[in-house]
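Counting in the UniProt record's numbering, the final residue of the sequence shown is number 552, and the numbers go up one at a time with none missing. Working notes, structure below.
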Amino acid sequence: MGTYGFCYRDMVPRIVQILSPLSTTGTQQQFKGALYCILGTHNGFCPAITRDWDCIGEVWSAQVRCGLSHSMILEKPSIGQLFDGIIERIHRQYDTIGIYFIVSERCAETASQIAQSSSLELSSKEEMKEGIQRQRIRNVVAARKYEKLVNDLLDCLEDKDLPWKFDHMATDLLALLLRDDHPLPPDAVLYFTQSIVHDSITIRKVAISAVAGILKQLKWPRKKVAMKPSEISGIQDPEGICVGDREGNHWLQYESTNLPLSQELWDSLHYVEKTHWGYYSWPREMMIYAASEKPQDDLPYEEMSEGEKIIFEYFSDPDFVEQLMEFLSLEERKGKDSFNPGRFCLFKITAGLIRGSKHWSFSKVDRLWQLLCPLIRTALNNITVETYTDWGTCIATACEGRDPRKLHWLFELLMESPLSGEGGSFRDASLLYVLQGGLAQQQWRVSELLHRLLAYLEPKLTQVYKNVRERIGSVLTYIFMIDVALPHTRPTSSPHVAEFVTRVLERLKPLTSESEIHNHIHEENTQETDECTQAVKLLKTGQNVNCVVDGH
């Protein structure tokens, strides 16, 4: 098949016939040989991944339906390995097959110009019209073949006699048919939505990923407008390379005096979610979401598509949601998971709510944070060894690629006395870790918060507890991360390390005035206030900063 192009079109019907459950004359050797023909050689031709809707439609349906064949004995290791090899190869090498092929007018004009320059005969208007008509027919036929394959796989999944392995296979193949240029048929949306509470964890995982892709398909288009940054700031960027904080990008900074605390302020600000925009340069054509477009929080049920109605109905059902939460809170590997699945589910939901509110109206976002703030505050007050890394990941994920001004509720909450000492040294170090994860995602756009945090941490550099001092040292590396001296780079508005070092050296003077540091210096966990002891602790914090910097 790899030697003669398109010869598979003659062989595939015979392969499908042998694999068919209706075949009564086939032997196990023929059945196994048909599977080998589908698998192909290591880097040779494989009918299951060819870019042909007719071939894919026949082969995929046949390899799922063959689970009902009397010649199929799944208990044989060689048969199971063949099926595993076919699915593994499909996952590894399958490329999405195109449905819609369009020759643009510009392409046709370019072809005409090439033909004229080569003294070739130009196509007549009638031939051009006929070509366009053929193109439309071809696209319609391809779309129908795609939908037929989806429906064939769904028909297989409805057969209760199908062995579990082929259920998993059909679900995997169906998930591969998700695409961004053609909506998934409603029956497939229904199947994946129901399957996120399936008894099999393998099918649940595939269904959850598929539903995420379906939601992306159904996402409402948001109007974007071209914008010139100079029109907002009123300042033209200097010519040539100019990197860093400057007057022209200051409007992107987080400022507590200019936060969107009301509907009017929320609608008046221009939001840029991409953190890197504006620091080095601006995009040639900067497109942002239109501020004048008022988001529609609740789409009327009558205006929803079939897929939207299915998802809305299921996720509005309390029993379905409760069952989903129970499954998400189960261990994936019984007795081997190093985390609490129930808490991990909470982290994912919290991060998802924050990221999902990107286009919500102010009133809806405000209500969300009135719900989340007490929850997060309580959770952080009761943070444990098992949960602190998960909360750090949760907050970092929620803040990644987001405009910090839209998340001011979260940042102000995290800045509330992280080193209060009420829950012990572990809680203080953990809260700094969570705060560090959120601020690190914003890089240069939260200079005010970095100044506030540095002013808060400086008096606490001589912390009694070693783990807190180490975490402070790690946080300081992020505070000063933007303060770099590179060519064509403006001085940062974030804290400057030179000024900080000057203040620290002043506090280290007691060490230089002593003839020696006595060996009987007090233990680290005492409450001594001797200047020399405090200077030694400050020096250890500085050593932690150097260790972190060297590690990076």
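For every residue, glycine included, the Cβ atom is placed at its ideal position computed from N, Cα and C.
Span of the beta strand (DSSP E), counted from its first residue to its last, around residue i
i, result
"residue 49", "Neither: residue 49 is in no beta strand (DSSP E) and is coded neither H nor E."
"residue 225", "224 to 227"
Residue i - containing alpha helix (DSSP H), residue span
i, result
"residue 289", "Careful: residue 289 lies outside any alpha helix (DSSP H), inside the beta strand (DSSP E) at 286 to 289."
"residue 326", "318 to 328"
"residue 179", "No alpha helix (DSSP H) contains residue 179, which DSSP labels as neither H nor E."
"residue 155", "125 to 157"
"residue 201", "201 to 218"
"residue 398", "388 to 399"
"residue 381", "362 to 381"
"residue 473", "466 to 479"
"residue 301", "Counting along the chain, residue 301 falls outside any alpha helix (DSSP H), and DSSP gives it neither H nor E."
"residue 29", "28 to 39"
"residue 433", "425 to 442"
"residue 112", "105 to 117"
"residue 93", "77 to 93"
"residue 412", "408 to 414"
"residue 9", "8 to 19"
"residue 309", "306 to 315"
"residue 266", "263 to 268"
"residue 186", "186 to 195"
Beta-carbon proximity list for residue i, same chain, < 8 angstroms, skipping 5 on both sides
i, result
"residue 23", "17, 69, 71"
"residue 240", "488"
"residue 496", "480, 483"
"residue 288", "224, 225, 227, 270, 271, 272"
"residue 345", "325, 328, 329"
Neighbourhood of residue i by C-beta distance below 6 angstroms, restricted to the same chain and skipping five residues each side
i, result
"residue 465", "425"
"residue 217", "183"
"residue 515", "The predicted position of residue 515 is uncertain, since its pLDDT is 49 and thus under 50; a value taken from the coordinates is nonetheless stated next. If we look at residue 515 and ignore the five residues flanking it on each side, it has no Cβ neighbours."
"residue 93", "49"
"residue 278", "249, 252"
"residue 463", "469"
For residue j and residue i, the rounded distance between their alpha carbons
i, j, result
"residue 457", "residue 416", "12 angstroms"
"residue 60", "residue 306", "26 angstroms"
"residue 172", "residue 350", "28 angstroms"
"residue 498", "residue 451", "14 angstroms"
"residue 310", "residue 283", "39 angstroms"
"residue 7", "residue 29", "23 angstroms"
"residue 5", "residue 11", "12 angstroms"
"residue 280", "residue 251", "15 angstroms"
"residue 155", "residue 396", "43 angstroms"
"residue 315", "residue 215", "13 angstroms"
"residue 526", "residue 459", "Summary for residue 526: the model assigns pLDDT 43, below 50, so the residue's position carries little reliability; its value from the coordinates is reported in the next sentence. For residue 526 and residue 459, the distance between alpha carbons rounds to 17 angstroms."
"residue 210", "residue 270", "33 angstroms"
"residue 322", "residue 378", "23 angstroms"
"residue 197", "residue 190", "12 angstroms"
"residue 64", "residue 117", "53 angstroms"
"residue 369", "residue 375", "9 angstroms"
"residue 159", "residue 67", "11 angstroms"
"residue 132", "residue 103", "8 angstroms"
"residue 411", "residue 268", "21 angstroms"
"residue 232", "residue 257", "18 angstroms"
"residue 521", "residue 437", "Reliability fails at residue 521, whose pLDDT of 48 lies under 50, so the model's placement of it is uncertain and no value is given."
"residue 500", "residue 454", "9 angstroms"
Residue of the options minimising C-alpha distance to residue i
i, options, result
"residue 262", "60, 166, 366", "366"
"residue 53", "107, 142, 125", "142"
"residue 226", "286, 275, 202, 444", "286"
"residue 101", "139, 133, 129, 66", "139"
"residue 357", "409, 114, 33", "409"
"residue 445", "407, 433, 376, 418", "407"
"residue 362", "111, 65, 469, 405", "405"
"residue 385", "62, 434, 345, 359", "434"
"residue 431", "500, 474, 346, 51", "474"
"residue 274", "9, 401, 161", "401"
"residue 491", "447, 266, 469", "447"
Contacts around residue i, its chain only, beta-carbon distance under 7 angstroms, and the 5 residues preceding and following it disregarded
i, result
"residue 74", "80, 163, 165"
"residue 202", "168"
"residue 40", "46"
"residue 519", "With a pLDDT of only 44 at residue 519, under 50, the local geometry of the prediction cannot be trusted, and the value read off the model is given with reservation. Taken in chain order, the list of residues that qualify is empty."
Check: residue i C-beta below 7 angstroms from any heavy atom of the ligand COA
i, result
"residue 74", "The model depicted lacks the ligand COA and carries no ligand whatsoever."
Short CB-CB distance (under 8 angstroms) between residue i and chain B
i, result
"residue 68", "Of the chains in the structure shown, none is chain B; there is only one protein chain."
Determine, using beta-carbon pairs with one atom in the segment 165 to 180 and one in the segment 143 to 156, whether at least three such pairs fall under 8 angstroms. With a cut-off of 8 angstroms, the segment 143 to 156 and the segment 165 to 180 count as touching, because enough Cβ pairs lie within range.
Quick test of the definition: if touching needs 3 or more C-beta pairs under 8 angstroms, does the segment 240 to 254 touch the segment 379 to 393? Under the three-pair Cβ rule at 8 angstroms, the segment 240 to 254 does not count as touching the segment 379 to 393.
So does the segment 467 to 481 actually touch the segment 231 to 239, counting three or more Cβ pairs closer than 8 angstroms? The segment 231 to 239 and the segment 467 to 481 do not touch, with fewer than three beta-carbon pairs separated by less than 8 angstroms.
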